[in-house]
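According to my numbering, the sequence shown is numbered sequentially starting from 276.
Written out below as structure tokens is the structure these notes cover.
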Amino acid sequence: MNNLKFVIVLLSLLVFSCDTSLEEEVFDEVASNNFFRSDGDAITAVNSIYSRMRGAGNSEWGLFVFGNESLFNHAELVTDEVFTTWAITFPAGPFGVLENFIFIPNSGSGFFFFFSDLYEGVNLANVVIENVTDNPNVSEEIRDRVLGEAYFGRALFYYHLFSLYGNIPLILESSSDPFLLPSQAPQADVINSIVSDFTRASELLPQFHSGPDYGRFTSGAALALLSRFYLNQKMWSEAAETARQVLGMYSLSEQYSDIFDVDNAGNPEIILSLPCINQALLGNTFLAATAEPDFIASSWGGTRIRQAFYETFDPSDIRRELLVKEYEAFDGSIKTVNNGAMIMKYGFDEGHNGPWAGNDIVLLRYAEVLLTLAEALNELNGPNQESIDLINQLRTRAFPGDSDKLIQLAEFNTKEALRDYILQERGWELYAEGYRREDLIRHGKLIERARERGLAAQHFHVLYPIHQSEIDRNPNLIQNPGYD
Numbered sequence: 276m277n278n279l280k281f282v283i284v285l286l287s288l289l290v291f292s293c294d295t296s297l298e299e300e301v302f303d304e305v306a307s308n309n310f311f312r313s314d315g316d317a318i319t320a321v322n323s324i325y326s327r328m329r330g331a332g333n334s335e336w337g338l339f340v341f342g343n344e345s346l347f348n349h350a351e352l353v354t355d356e357v358f359t360t361w362a363i364t365f366p367a368g369p370f371g372v373l374e375n376f377i378f379i380p381n382s383g384s385g386f387f388f389f390f391s392d393l394y395e396g397v398n399l400a401n402v403v404i405e406n407v408t409d410n411p412n413v414s415e416e417i418r419d420r421v422l423g424e425a426y427f428g429r430a431l432f433y434y435h436l437f438s439l440y441g442n443i444p445l446i447l448e449s450s451s452d453p454f455l456l457p458s459q460a461p462q463a464d465v466i467n468s469i470v471s472d473f474t475r476a477s478e479l480l481p482q483f484h485s486g487p488d489y490g491r492f493t494s495g496a497a498l499a500l501l502s503r504f505y506l507n508q509k510m511w512s513e514a515a516e517t518a519r520q521v522l523g524m525y526s527l528s529e530q531y532s533d534i535f536d537v538d539n540a541g542n543p544e545i546i547l548s549l550p551c552i553n554q555a556l557l558g559n560t561f562l563a564a565t566a567e568p569d570f571i572a573s574s575w576g577g578t579r580i581r582q583a584f585y586e587t588f589d590p591s592d593i594r595r596e597l598l599v600k601e602y603e604a605f606d607g608s609i610k611t612v613n614n615g616a617m618i619m620k621y622g623f624d625e626g627h628n629g630p631w632a633g634n635d636i637v638l639l640r641y642a643e644v645l646l647t648l649a650e651a652l653n654e655l656n657g658p659n660q661e662s663i664d665l666i667n668q669l670r671t672r673a674f675p676g677d678s679d680k681l682i683q684l685a686e687f688n689t690k691e692a693l694r695d696y697i698l699q700e701r702g703w704e705l706y707a708e709g710y711r712r713e714d715l716i717r718h719g720k721l722i723e724r725a726r727e728r729g730l731a732a733q734h735f736h737v738l739y740p741i742h743q744s745e746i747d748r749n750p751n752l753i754q755n756p757g758y759d
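Put into structure tokens, the structure is as follows:
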């Protein structure tokens with residue numbers, strides 16, 4: 276906003292290092308004409324994008340963490356992977372609405388602020404881009420990095436807006452005009468903007484960050500997310516080409532469980548994470564959301580892997596070991612989870628503060644890039660040895676010392692056969708990490724799998740409705756088909 280007054284909530288020592296002690300520092304209303312006068316101002320402004328990811332604004336628990344109104348729930352609860360027992364007793368609540376495909380334009384908690392919260396992130400990025408570009412008060416080094424982070428942030432928010440809603444406005448300038456009521460843009464324009472922003476971010480950002488800057492956006496993260504975006508648009512050549520640029524930047528973790536352990540900061544497989552410490556609103560609550568309260572103190576239980584999905588695993592697959600069916604309760608009794616399995620992917624933090632743990636939240640990792648490349652190559656060329664070799668890198672880790680578990684090219688006679696297998700492998704490798712909805716949509720199976728569970732899912736449910744409150748505020752918005 277050219278004459279914007281905005282509130283930036285900055286963590287004085289940002290959560291870019293999982294063992295940093297944090298105190299919240301609130302910057303009061305700051306007009307852009309007396310801000311952006313130093314490197315520090317530019318960094319403070321771009322930090323607001325990270326704050327928006329964590330939990331500023333209407334979604335108190337954060338878009339990229341595990342509260343009711345989160346990307347995780349929108350990406351997983353509609354799929355064949357994850358459900359929550361909380362929805363059984365409250366089917367019209369925020370979880371049940373998703374699981375039962377009964378989301379409507381005036382759905383309550385869990386939908387109300389999601390659209391606008393993502394656009395608030397877009398506006399924060401627009402403010403930074405407008406005020407840092409060609410700003411002589413900011414050094415070239417900081418200017419390039421901050422702009423790269425802002426382009427990445429804008430592309431990240433638009434990536435999810437486009438994935439969730441499809442038909443969205445494309446706002447590339449900030450504005451405080453209450454009469455500005457944007458219409459939806461052609462989808463091709465949104466796609467081109469996301470590609471352009473991720474590309475610019477990859478050119479401006481460093482390959483890695485360390486020390487206090489750990490957790491910031493990087494060129495590798497921009498390329499990895501761009502390759503997945505291309506994959507979801509079925510732009511196979513572009514997906515393969517971009518994924519190849521990431522090869523060698525990272526490496527697979529020797530142990531699968533180490534990726535999610537309490538000391539996972541700096542794990543060689545993690546491309547992008549949301550750093551956490553075991554403090555309220557700054558920690559990782561995934562374990563608390565899945566563990567039964569008589570298994571791990573201060574847990575709520577509820578978020579689980581579906582039983583049918585659990586049964587697709589080979590029993591000797593080490594990835595299944597992080598799905599717990601049987602556990603020892605506090606009273607020493609052995610209990611069985613009869614309905615699905617607890618998702619114990621994130622390791623136990625002995626220093627957890629109630630539900631808040633210090634495991635960094637994994638947003639992007641190298642294994643997904645390998646699977647993206649394998650899928651794109653199959654779509655381009657049909658079954659091929661390179662795709663097989665990429666998948667087998669993951670299966671070698673999943674079945675240590677057992678070469679019989681590696682797949683062979685001769686097992687796949689058609690593109691369709693390998694395509695179906697890659698979808699399975701993505702599920703086994705990436706379960707409960709927020710990929711499944713997009714994967715099922717790309718493979719044309721989201722609605723099919725929902726109907727197999729006995730739900731009255733319709734084809735228009737591949738997109739969510741724009742909340743009615745947004746339509747009421749902006750009559751230029753047109754509701755997605757099927758939700759009229």
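Glycine is no exception: its CB is placed at the ideal position from the N, C-alpha and C atoms.
Asked	Found
Beta-carbon proximity check, Leu346 vs Leu338, cutoff 7 Å	yes
With 16 other Cβ atoms within 10 Å as the buried cut-off, status of Asn667	buried
Start-to-end residues for the alpha helix (DSSP H) that takes in Thr671	Gln660 to Ala673
Element boundaries [alpha helix (DSSP H), containing Ala497]	Ser494 to Asn507
Residues near Ile417 by beta carbon distance below 8 Å, same chain, minus five either side	Asp314, Ala317 and Ile318
Continuous beta strand (DSSP E) assignments of at least 3 residues falling wholly in the region 366-410	none
Nonlocal neighbours in the same chain, by C-beta distance under 8 Å from Ile746, ignoring five residues either side	Pro380, Leu752 and Gln754
Residue from Asp569, Ser591 and Glu596 with nearest C-alpha to Ile609	Asp569
Cβ-based burial, Ala685 [other Cβ within 10 Å; buried from 16]	exposed
Which of helix, strand or coil DSSP assigns to Val413	coil
Nearest-angstrom Cα separation, counted from Cys551 out to Ala540	9 Å
Exposure label - Ser485; buried when at least 16 CB within 10 Å	exposed
Complete alpha helix (DSSP H) runs within the region 433-483 (minimum length 4 residues, chain order)	462-479
Sub-7 Å separation of Phe390 and Ile741 beta-carbons	yes
Contact set for Ala476: own chain, Cβ-Cβ below 8 Å, skip 5 residues either direction	Gly423, Glu424, Tyr426, Phe427, Ala430, Phe492, Ser494 and Ala497
DSSP-derived helix/strand/coil call for Asn628	strand
C-beta contact flag for Ile580 and Leu557 at 7 Å	no
Beta-carbon proximity list for Glu772, same chain, < 6 Å, skipping 5 on both sides	Residue 772 lies beyond the stretch modelled for the chain, which goes from 276 to 759, so this question has no answer here.
Cβ-based neighbour list, Gln520, same chain, cut-off 6 Å, excluding 5 preceding and 5 following	Leu498
For Pro369, the nearest candidate out of Glu395, Phe341 and Lys600 (CA to CA)	Phe341
Short Cβ contact (7 Å threshold) for Leu646 with Arg701	yes
Integer-rounded CB distance, given that Thr474 should sit under 8 Å from Leu501	7 Å
Proximity below 7 Å, CB of Glu544 to CB of Arg640	yes
Terminal residues of the beta strand (DSSP E) in which Glu603 lies	Glu601 to Glu603
Sequence-distant residues of its chain with Cβ nearer than 7 Å to Ile534 (five each side left out)	Ser528, Asn542, Glu544, Ile545, Val637 and Arg640
Which listed residue (Thr360, Arg420, Glu374 and Ile377) has its alpha carbon closest to that of Val321	Arg420
Exposed unless 16 or more other CB atoms sit within 10 angstroms - verdict on Glu298	Annotation note: pLDDT 36 at Glu298 (below 50); position unreliable, no value reported.
Sheet register partners of Val637 (DSSP bridge)	Ser548
Whether Phe376 touches Ala732 by CB criterion (7 Å)	yes
Proximity of Gly629 and Ser573 at Cβ, strictly below 7 Å	yes
Beta-carbon separation (whole angstroms), Thr565 vs Thr578, contact threshold 8 Å	5 Å
Gly332 versus Leu693: straight-line alpha-carbon distance, rounded	Its pLDDT being 46, under 50, Gly332 is placed unreliably by the model, and the measurement read from it follows with that caveat. Approximately 43 Å between the Cα atoms of the pair.
Inter-residue Cα distance where the pair is Ala642 and Arg672	11 Å
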